[in-house]
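Novice:
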Amino acid sequence: MIGRASVIALGLLFAAGLQAETLRVTDLDIDKLRVQGSVEVQVSQGEETELLVRGDSDDLAKRPFYTRDSTLVLGHSQDYRQENFSSVKYMLTVPELSEIRLSGSGDVFVKPMAVDEMLISVEGSGDIRVFALSADDARISVAGSGDIKIAELKAPLLDLMVSGSGDISIGELLVDVVEATISGSGDIGIESALERASAIEINIIGGGEVNFTALAADVAEINIIGSGDARVGELDALEVNIIGSGDIYYAGEPELDSNVLGSGDLHRQR
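Each residue of the sequence shown is one higher than the one before, counting from 640 in this note's numbering.
1) Using only CA atoms, which one of R693, S716, G828, D806 lies nearest to L854?
2) Is it buried or exposed, G903, if we count other Cβ atoms within 10 angstroms and call 16 or more buried?
3) Does DSSP put L895 in a helix, in a strand, or in coil?
4) Using a Cβ-Cβ cutoff of less than 6 Å, which residues in the same chain neighbour G714 once the five nearest sequence positions on both sides are dropped?
5) Do R693 and A659 have their CB atoms nearer than 8 Å?
6) Give every residue of the same chain whose Cβ lies closer than 6 Å to the Cβ of D786, excluding the five residues on either side of it in the sequence, and list them in chain order.
7) Spatial neighbours of L731 within its chain, please: C-beta separation below 6 Å, excluding the five flanking residues on both sides.
8) Output needed for D857: all residues of its chain with C-beta closer than 8 Å, excluding positions within five of it in sequence on either side, in chain order.
9) What number of angstroms, rounded off, separates the C-alpha of P751 from the C-alpha of D896?
10) With distances taken Cα to Cα, identify the nearest neighbour of A700 among N842, T710, V733, R663.
11) Compare the Cα-Cα distances from V817 to each of G783, L796, A890, G763 and report the closest residue.
12) Restricting to Cα atoms, I'd like to know which of T710, D698, D815 is closest to Y719.
13) Using three-state DSSP, classify S709 as helix, strand or coil.
14) Return helix, strand or coil for S760, following the three-state DSSP convention.
15) Which residue comes first and which comes last in the beta strand (DSSP E) that contains A771?
16) Assuming L905 and I882 form a contact by the criterion Cβ under 8 Å, report the distance between their Cβ atoms to the nearest whole angstrom.
17) Would you tell me roughly how many angstroms separate the C-alpha atoms of S726 and D668, rounded to the nearest one?
18) Might you give, ordered along the chain, the residues of its own chain that have their beta carbon closer than 6 Å to the beta carbon of I641, omitting 5 neighbours on each side?
19) Whole-angstrom Cβ separation of T852 and G872, contact assumed at under 8 Å?
20) How many whole angstroms separate the CB atoms of I887 and G847, which I take to be in contact at a CB cut-off of 8 Å?
21) If I measure Cβ to Cβ from T688 and keep anything under 6 Å in the same chain, skipping five residues before and after, which residues do I get?
22) Would you grab the beta carbon distance between V879 and N850 for me? Rounded to a whole angstrom, and I think it's under 8 Å.
23) Would you mind sorting G783 into buried or exposed? The rule is 16 or more other CB atoms within 10 Å of its CB.
24) With S822 as the anchor, note down where its beta strand (DSSP E) starts and where it stops.
25) For a quick check, are the C-beta atoms of S773 and K788 less than 8 Å apart?
26) Given a cut-off of 8 Å on the beta-carbon distance, is the pair A790 and G810 in contact?
27) Which parts of the region 721-760 are runs of the beta strand (DSSP E), unbroken and 3 residues or longer, counting only runs that do not cross its ends?
28) To the nearest whole angstrom, what separates the beta carbons of L741 and V747, a pair I think is in contact under 8 Å?
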């Protein structure tokens, strides 16, 4: 079941001269979102679930969305699998989401959202931008060359992962335990931290960089294989394992446990 739908005429599209329409869909029972292709999606949190789909009448007639179990899929049609819906735009309002996945080169904009758990994932060259996210447990993942940018993030438990050349950028962070993993040449960084964290774990394979200079913590474990760099704030204890030419930059006077094989080094920042 797709839910109850209605169509509202809005005007004319630019070059095609076709009538633009908005399709309104309600009664969706979902808690996960998957976006495919090169479409543009805006996600908001609200009391009722509502999907607005804007495009020309030909595209809307092909139903460029569907549900699979508790997942809403946008940018793809079950009946027209080879169709390109890049001109279609979506606005989704939903009370609760646990997953937002983007596959392809699309753009997803997420307005402030507070949930229990959240997975945000990019696979490909698309971008996800989040205004503010509050979750008890958050996982942020990039596979490919896409980017995820989060202006404000509050998550006691946080897992950050980049596989490829993409980036994860966080403006303001409140976290207790955070793990950051890079496999490739991508970067993970934060601009500011609201409080000191309990624990940081950083794993880098390749030439990527994790910049947690703004984040202080009680303890940190950093493992680098390759030429990647890791930067952290003031620490009480630091465990380091480097194989290769990677460098680690830290602040404070932590108790050190280091094993370095190669030309990599540790640098204390004052």
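C-beta atoms are modelled at their ideal positions from N, C-alpha and C, and glycine is treated no differently. All of these numbers come straight from a predicted model, not from anything done at the bench.
Specialist: In this structure, then:
1) The residue given as residue 854 occupies position 215 in the sequence shown. For the options R693, S716, G828, D806, the alpha carbon positioned closest to that of L854 is the one of G828.
2) Residue numbering aside, residue 903 sits at position 264 when the sequence shown is read from its first letter. Result: buried.
3) Counting from 1 along the sequence shown, the entry for residue 895 is found at position 256. Strand.
4) Here residue 714 corresponds to residue number 75 of the sequence shown, with the count starting at 1. Correct list, in chain order: V674, Q675, G676, V678, F724.
5) Reading the sequence shown from its first residue, position 54 is the one you call residue 693. Reading the sequence shown from its first residue, position 20 is the one you call residue 659. In contact: R693 and A659 (Cβ atoms closer than 8 Å).
6) By 1-based counting over the sequence shown, the position of residue 786 is 147. Excluding sequence positions up to five before and after D786, its CB lies within less than 6 Å of the CB of D766, G805, D806, all in the same chain and listed in chain order.
7) Here residue 731 is taken as the residue at index 92 of the sequence shown, counted from 1. V682, L690, listed in sequence order.
8) Reading the sequence shown from its first residue, position 218 is the one you call residue 857. The answer, listed in chain order, is R835, A836, S837, A838, L874, D875, A876.
9) Position 112 of the sequence shown, counted from the start, is the residue given in the question as residue 751. Position 257 of the sequence shown, counted from the start, is the residue given in the question as residue 896. C-alpha separation (whole angstroms): 40 Å.
10) Counting from 1 along the sequence shown, the entry for residue 700 is found at position 61. That would be R663, whose Cα lies nearest to the Cα of A700.
11) Taking the first residue of the sequence shown as 1, we reach residue 817 at position 178. Per the Cα distances, L796.
12) Position 80 of the sequence shown holds residue 719. For Y719, the nearest C-alpha among the options comes from D698.
13) To locate residue 709, count along the sequence shown from 1; it is residue 70. S709 falls in the coil class under three-state DSSP.
14) In the sequence shown, counting from the first residue as 1, residue 760 sits at position 121. In this structure, S760 counts as strand in the three-state DSSP scheme.
15) Position 132 of the sequence shown, counted from the first residue, corresponds to residue 771. Taken as a continuous stretch (DSSP letters only), the beta strand (DSSP E) holding A771 covers 766-783.
16) Within the sequence shown, residue 905 is the residue found at index 266, counting from 1. Within the sequence shown, residue 882 is the residue found at index 243, counting from 1. Beta-carbon to beta-carbon, L905 and I882 are separated by about 14 Å, too far to satisfy the 8 Å threshold.
17) Walking along the sequence shown from the start, residue 726 turns up at place 87. Walking along the sequence shown from the start, residue 668 turns up at place 29. Their backbone Cα atoms lie some 26 Å apart in a straight line.
18) For the purposes of this step, residue 641 is taken as residue 2 along the sequence shown, with counting starting at 1. The predicted model places I641 with a pLDDT of 45, which falls under 50 and marks its position as unreliable; any figure quoted below should be read in that light. Here the set comprises nothing.
19) Reading the sequence shown from its first residue, position 213 is the one you call residue 852. Reading the sequence shown from its first residue, position 233 is the one you call residue 872. Rounded, the Cβ-Cβ distance is 6 Å, consistent with contact.
20) If you number the sequence shown from 1, residue 887 lands on position 248. If you number the sequence shown from 1, residue 847 lands on position 208. Not confirmed; about 13 Å, so no contact.
21) Taking the sequence shown and counting its residues from 1, the one referred to as residue 688 is at position 49. L667, V733.
22) By one-based count along the sequence shown, residue 879 stands at place 240. By one-based count along the sequence shown, residue 850 stands at place 211. The Cβ separation is near 17 Å, so there is no contact.
23) Numbered from its first residue, the sequence shown carries residue 783 at position 144. Flag for G783 reads buried.
24) For the purposes of this step, residue 822 is taken as residue 183 along the sequence shown, with counting starting at 1. 806-823 is the span of the beta strand (DSSP E), which, as asked, contains S822.
25) Taking the first residue of the sequence shown as position 1, residue 773 is located at position 134. Taking the first residue of the sequence shown as position 1, residue 788 is located at position 149. Pairing S773 with K788 gives a Cβ-Cβ distance that is not under 8 Å.
26) Locating residue 790 in the sequence shown gives position 151, counting from the first residue. Locating residue 810 in the sequence shown gives position 171, counting from the first residue. It is a contact, given that the beta carbons lie within the stated cut-off.
27) 728-733, 738-743, 746-749
28) One-based indexing of the sequence shown puts residue 741 at position 102. One-based indexing of the sequence shown puts residue 747 at position 108. Sure, about 5 Å apart at Cβ, within 8 Å.
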